[in-house]
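Under full-length UniProt numbering, the residue at position 113 of the sequence shown is numbered 113, and the numbers go up by one with no gaps. By construction, the Cβ of each residue, glycine as well, lies at the ideal position given by its N, Cα and C atoms. What you are looking at is a predicted structure, and each value in this text was computed from that prediction instead of being measured. Data first, discussion second: the structure below is written as structure tokens.
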Amino acid sequence: MSKADVSYEGGAYSKFRPSYSDEIYSLIYKFHDQNNGEYNIVVDVGTGTGQAAIELCKKFKRVYGIDTLTEQIENATPRDNIEYQVGPGEDLSQFQDNSVDMITVGTAFHWFDHDKFFKEAKRVLKHKSGTLAVFGYYFPVISNEPKANELVKSLVKKFEQYTNSNIRFIKSMYRNITFPFNEQTWYITPKSEDTTNISQPTAGSLMKASMTMENYNHYMKTASAYYNYIKDHTKEEDPVDTLVKDIMQALNITDYQHVIDLEWPTSLVLARND
């Protein structure tokens, strides 16, 4: 992630961002096993507060979580076999050639210099068995609530000019990035997001969760676009607070502890090093 474009608080990010689904990890490990991948070293680049790292450490002997933001690393969840460090995602110079079993990037890949990253990834990943797993999600929709989702779309549109142009990569589910690997597999959910029919079937949604209206409010405030918008509109009513009030009115909700079901447009790209 770029320090210039992302500056939300690590504590809020860790508490309110949803966890990645079991389906994502299941697909990653299945792909890795098919290529006789080992589970010694994984590098989680753009680790944030370690959401993916703490799952990966259950399978790998050693996990390295790297993020450019010091505050994210300071709020990362510790584990005995995870080493967190501050640094750019494109710099893997600490790792030797052909030494890493897997590299993961969770909802951070759109910030990278992709050419530099791919060059480093191909260098450090083990030949023939090293796996690159890139996954990410965009703003969620509220399941079966079209009126509420129109309100969400209006806010996202308002945020557009405060969003880094690289967000276009995650909006397109990473389809507009060329992955320089011979073997690649794509998964995209919901099916409506797979506009080019590139996705393999999945057993379920890649990113789905339920949360209270209160936590939904907090979650929407972890977006970098929200942070940038607020800096320029300090005297206006908070746009996320307004959104939540409007959603509650549209859905006849009176309790901030009311639970809503969310699904995030999500993409998972798996590649085997050549």
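In the DSSP assignment, what are the bridge partners of residue i?
i    : result
Q85  : I66
G106 : F135
V141 : E263
L125 : V100
Counting only C-beta atoms, is residue i closer than 8 Å to chain D at any point?
i    : result
I253 : In summary, chain D is missing from the structure at hand, where a single protein chain is found.
Ordered along the chain, which non-local residues of its own chain (more than five positions away) have a Cβ less than 6 Å from that of residue i?
i    : result
D261 : S143 and S210
V156 : F139
F95  : V124
T242 : none
Any idea if residue i is buried or exposed, counting beta-carbon neighbours within 10 angstroms, 16 or more meaning buried?
i           : result
V86         : exposed
Y138        : buried
G48         : buried
S199        : buried
T70         : exposed
A76         : buried
K126        : buried
T189        : buried
Y165        : Just to set this straight, residue 165 is Ser in the shown sequence, not Tyr. That one is exposed.
P88         : buried
T195        : exposed
A223        : buried
Q257        : exposed
residue 276 : Past the boundaries of the shown model lies residue 276; the chain is included only from 1 to 274, so the question cannot be answered.
D101        : buried
E160        : exposed
A225        : buried
Taking the alpha carbon of residue i as the reference point, which residue from the options has its own alpha carbon closest?
i    : options                   : result
K221 : L268, G136, V152 and V43  : V152
N273 : E145, N35 and S19         : N35
V178 : I247, F118 and Q257       : The displayed chain sequence assigns Thr, not Val, to residue 178. Comparing Cα-Cα distances from T178 to each of I247, F118 and Q257, the minimum goes to F118.
V124 : S154, I41, I167 and K157  : I41
E183 : K171, T189, W264 and K122 : K122
T266 : A108, N81 and L69         : A108
G50  : V63, E236, E38 and K59    : V63
V141 : P88, Y39 and E193         : E193
W111 : S99, S129, V134 and Y226  : V134
H233 : I73, Y162 and D33         : Y162
A250 : P146, I82, I230 and Y84   : P146
F181 : K61, S129, E263 and E237  : S129
E23  : V244, P201 and Y216       : P201
M207 : E120, Y187, A225 and N197 : Y187
Y39  : D33, A203, Y29 and F60    : F60
Within its chain, find whatever has a CB closer than 7 Å to the CB of residue i; leave out the 5 residues flanking it on each side and keep chain order.
i    : result
I253 : M213
A113 : Sequence inspection shows Asp at residue 113; the Ala mentioned does not correspond to that position. Cβ within range, chain order: E90.
A52  : Y20, D44, T104 and G106
F31  : T131, T185 and L270
I247 : A148 and L151
L56  : V42, D44, V63 and T104
R79  : I54 and C57
D67  : M1, G46, T47, G48, I73 and V86
N98  : K126 and H127
I167 : H110
Going along the chain, which residues of its own chain have a beta-carbon closer than 8 Å to the beta-carbon of residue i, five neighbours each way excluded?
i    : result
A4   : Per-residue confidence for A4 stands at a pLDDT of 34, beneath the threshold of 50, marking its modelled position as unreliable; the derived number appears in the next sentence. Answer for A4: no residue qualifies.
K158 : Y229 and P239
L268 : I24, L27, I28, A133, V134, F135, W186, Y187, I188 and L206
K191 : S199
Is the beta carbon of residue i within less than 7 Å of some heavy atom of the ligand GTP?
i    : result
A225 : In the structure on display, the ligand GTP does not appear, and there are no ligands present to speak of.
Segments assigned alpha helix (DSSP H), at least 4 residues, entirely inside the region 22 to 83: Listed in chain order, the complete alpha helix (DSSP H) runs (minimum 4 residues) inside the region 22 to 83 are 22 to 34, 53 to 56 and 70 to 74.
Residue ranges of each beta strand (DSSP E) within the region 189 to 274, 3 or longer: Considered as a whole, the region 189 to 274 harbours 208 to 212, 259 to 263 and 266 to 272 as its complete beta strand (DSSP E) runs of no fewer than 3 residues, in chain order.
Continuous alpha helix (DSSP H) assignments of at least 4 residues falling wholly in the region 143 to 194: Within the region 143 to 194, the complete alpha helix (DSSP H) segments of 4 residues or longer fall at 146 to 159 and 167 to 171, listed in chain order.
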